[in-house]
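Below is one structure, written out as structure tokens; comments come after it.
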Amino acid sequence: MLRMALPTGRMLKQATPFLEAAGYAPAEPLSDTRKLTVPSKCGRVEYLLVKPVDAPLYVEQGVAEVGVCGKDVLMEVGADLLEPLDLGFARCRMVVAGRPEIERKLDNLLSPVRVASKFPRVAQHYFFKKGTPCTVFKLSGSVEIGAVLGLSHYIVDIVETGATLRENGLVVHEEIAECSARLAVNRAAWYAKLAEVRELLNNLKQAVEGGKP
Amino acid sequence: MPGPADKLSFPPGTELVFGPQATRRQFISDRIAEVSRGWGFTEIILPAFDSAETFRDLGGETELYNLVDREGHRLTLRADFTLIAAKALAMELRRDARQIRASYEGRVYRFAPSGHGHRVEQTQRGLEWVNARGATYDAAALVMARECLDAAGAENAIIVVGHGGFIHAVLGEKGRVERRLHEALDHKNPSRIAQLAQRIGIDDDTAALLGSLPLLTGGPEVFKAARGFKLRPEADAALAELEGLYQLLDEAGAADRVLIDLGEVRRSDYYSGFMFKVYHEAVGEELGGGGRYDRLFDRFGMDVPAVGFGFNLARLAEATSRNGYAGGTASAVAASEGAKGLKRVLELRAQGKPVDLKGEA
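In order, the protein sequences belong to chains W and L.
Letter by letter, the first sequence follows residues 1 to 213 in my numbering.
Letter by letter, the second sequence follows residues 1 to 361 in my numbering.
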């Protein structure tokens, strides 16, 4: 049996029908349970319900052999794991956003731009690669306020439709990456449980190719 | 309580092991050392740091621990044994060119961000087999690694074998310099590989093979699967070499715990021939690894073929909760018994039995 780290919250709602379509329906509704682990009906998988940001660590350390992780979280956490399948749901974009009239261009500047984000590592890395000095402020929520009220010049955040940005009068200045849910696999499990992991990978791949479940 | 507890703690990432765990780890190391001696290896004791120059241009510079001594010399704590061993052995080879078998144990230092449970200080035991050319030595290194794992009690460990030359040949000049492509291959991420291959302008045949590499893990059937793609002559040669190695192991009855991974890219710059990593289902990260590095001595102006491998002792200990190590029940002797007690201790020790001298004298 493989243990699969599943992020609770919004992604869980999208993951559940997908896992059902792939033949791994949970034995009880995952969103209602207070349990930390729930087996699948087929008995091939045990779901481990964790905070989204913790999922990569559980997989990296081998506590869970596999996991469903948002690409945004994978980028931020930087865990050392395998990423053999794009599951296709929970699509969003990681962007640099700010007020439209912002004067600070993202070119090579000699004084730091101020950036607020829930993804400080992603933000730091992105500006570092551009050669733009930056000061990153880590926020835990409502990141838009950072740019609206002038805490920072820019924010780095994920957007789905862009509605929240628009409502706050912000625009996307640059796109960092396209994100979606990914199947993450522990490096040791990829080899030590080769057959089981391959079976899971193939079934999930079929569910992805079968379109939206 | 004498003083605040924070005065007693060490910086994050340092390694502090005490008690039975440390004893058990030393036991594992001793068993591996025994195997090494059995194969004719002698120990080599190496410097903990060297001139910063030695570690230049190797990649991973930001992970090194650098220091400056009182005279202004820039030094680096060893982050890896192979390079420092090669340098030491190069001196020896200049004096007398011959085959050398050397085994070592000690700490290496590499920066690791906190929060991931990774250690800055890691203890390794490994070996270098220098002036060892040819497939028989490749197979011998793998057979020996396997014997070390058995001796340590990690019989279920899996040895994953790839080829540094294969991945290089497949990537070609264009792909080799693309760090992001290496990353995508390292994470076995086919959609990212396909995206990058297109962006870089890699030809269709190569892109098809690159996209399939993540799944070319398994038994000898992966050789056949790889031949289904159009291969450059150098890639074909590397594949043949790896297949030959597998056959050699198979004929020697030592291929049962071996998996082939043609998609392995990590440290492929370093290994000129076969390379391997060791995994165990009880531990999330690799227990060790090694391979052939025939170009390693180039930097010392010498042409010396070599193979080697090393184990991370902490992870190996994690994988081997049962490995024949037993403290044994010690006979208690009271310190208050004085000379009589000491005599009793001497008798027990002469019989090789464990003793537990305790109490007030």
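Using N, Cα and C, we set each Cβ at its ideal position, and we do this for glycine too.
All values derive from a computational prediction rather than experimental measurement.
Under the three-state reduction of DSSP, which class applies to residue i: helix, strand or coil?
i      : result
H153/W : coil
L287/L : strand
T320/L : coil
R114/W : strand
M94/W  : strand
P213/W : Caution applies to P213/W, whose pLDDT of 42 falls short of 50 and renders its modelled position unreliable; the value that the coordinates give is listed next. The answer is coil: DSSP assigns P213/W none of H, G, I, E or B.
M75/W  : helix
S29/L  : helix
K340/L : helix
H116/L : coil
G67/W  : strand
P133/W : coil
K7/L   : helix
P353/L : Sequence inspection shows Lys at residue 353/L; the Pro mentioned does not correspond to that position. K353/L falls in the coil class under three-state DSSP.
K188/L : coil
S331/L : strand
E128/L : strand
L87/W  : coil
P7/W   : strand
A279/L : For the sequence presented, residue 279/L should be read as Tyr rather than Ala. Of the three classes helix, strand and coil, the one that applies to Y279/L here is strand, per DSSP.
I202/L : coil
L216/L : coil
A157/L : coil
G123/L : Contrary to the premise, residue 123/L reads as Thr rather than Gly in this sequence. The answer is strand: DSSP assigns T123/L an E or B state.
V307/L : strand
L2/W   : strand
Beta carbon of residue i, beta carbon of residue j: below 8 Å?
i      : j      : result
V115/W : I155/W : yes
P56/W  : V73/W  : yes
A141/L : F300/L : no
A238/L : F166/L : yes
V420/L : L249/L : A query on residue 420/L cannot be resolved here, the shown segment of chain L reaching from 1 to 361 and no further.
V307/L : R292/L : yes
V283/L : L149/L : no
L183/W : L87/W  : yes
R209/L : V161/L : It should be pointed out that residue 209/L corresponds to Leu in this sequence rather than to Arg. Not closer than 8 Å, so no.
A25/W  : P39/W  : no
L127/L : A102/L : yes
A335/L : E318/L : no
L313/L : R25/L  : yes
V172/W : A79/W  : no
L82/W  : L259/L : no
L93/L  : M302/L : yes
P120/W : P133/W : no
G244/L : A135/L : yes
T206/L : G172/L : yes
Q363/L : V130/L : Outside the displayed span of chain L (1 to 361) sits residue 363/L, for which this structure offers no information.
I193/L : K174/L : no
Does the Cβ of residue i have 16 or more other Cβ atoms within 10 Å, making it buried, or fewer, making it exposed?
i      : result
G288/L : buried
V197/W : buried
F320/L : Looking at the sequence shown, residue 320/L is not Phe but Thr. The residue in question, T320/L, is buried, as its Cβ has 16 or more Cβ neighbours within 10 Å.
L296/L : buried
K212/W : Only weak support exists for where K212/W lies, its pLDDT of 47 falling under 50; the value from the coordinates is given anyway. Label assigned to K212/W: exposed.
Q351/L : exposed
L170/W : buried
H73/L  : exposed
G153/L : buried
A123/W : buried
L316/L : buried
E105/L : buried
M1/W   : exposed
F55/L  : buried
L36/W  : exposed
Sorry if obvious, but does the Cβ on residue i come closer than 7 Å to a heavy atom of the ligand SAM?
i     : result
H73/L : For the ligand SAM, the structure offers nothing, since it holds no ligand at all.
Ignoring anything shorter than 4 residues, give me the alpha helix (DSSP H) runs that lie fully in the region 39-110 of chain L, in order along the chain. Taking 4 residues as the shortest admissible run, the region 39-110 of chain L contains the following complete alpha helix (DSSP H) segments, listed from N- to C-terminal end: 81-95.
Quick check for students: name the residue ranges of the beta strand (DSSP E) that lie wholly in the region 224-262 of chain L, counting only runs of 3 or more. Unbroken beta strand (DSSP E) stretches of 3 residues or longer found wholly inside the region 224-262 of chain L: 258-261, given in chain order.
Would you call the region 174-184 of chain W in contact with the region 91-99 of chain W, where contact means no fewer than 3 C-beta pairs closer than 8 Å? Yes, the region 174-184 of chain W touches the region 91-99 of chain W.
Are at least three pairs of beta-carbons, each pair with one atom in the region 88-98 of chain L and one in the region 106-124 of chain L, less than 8 Å apart? Touching, no, given that fewer than three Cβ pairs across the two stretches are closer than 8 Å.
Quick check: the region 51-62 of chain W against the region 185-196 of chain W, are there 3 or more CB pairs under 8 Å? Touching, yes, given that three or more Cβ pairs across the two stretches are closer than 8 Å.
Does the region 11-26 of chain L come close enough to the region 37-52 of chain W to have 3 or more Cβ pairs within less than 8 Å? Counting C-beta pairs closer than 8 Å gives fewer than three between the region 11-26 of chain L and the region 37-52 of chain W, which falls short of the contact rule.
Whole runs of the alpha helix (DSSP H) within the region 24-60 of chain W, excluding any shorter than 4 residues: Qualifying alpha helix (DSSP H) stretches, in chain order: 55-60.
Would you say the region 162-177 of chain W touches the region 184-192 of chain L, given that touching needs at least three Cβ pairs under 8 Å? Pairwise C-beta distances place the region 162-177 of chain W out of contact with the region 184-192 of chain L, as fewer than three of them are shorter than 8 Å.
Would you check if there are 3 or more beta carbon pairs closer than 8 Å linking the region 267-274 of chain L to the region 191-211 of chain W? No, the region 267-274 of chain L is not in contact with the region 191-211 of chain W.
Touch test, the region 75-82 of chain L against the region 44-61 of chain L, Cβ-Cβ under 8 Å, three pairs minimum: The count of Cβ pairs closer than 8 Å, one atom from the region 75-82 of chain L and one from the region 44-61 of chain L, reaches three, so the stretches are in contact.
Three or more C-beta pairs below 8 Å linking the region 29-43 of chain L and the region 57-68 of chain L: Flag = no, the region 29-43 of chain L and the region 57-68 of chain L do not touch.
Minimum length 3: unbroken beta strand (DSSP E) runs contained in the region 140-188 of chain W: Within the region 140-188 of chain W, the complete beta strand (DSSP E) runs of at least 3 residues are 154-159, 171-179, 181-185.
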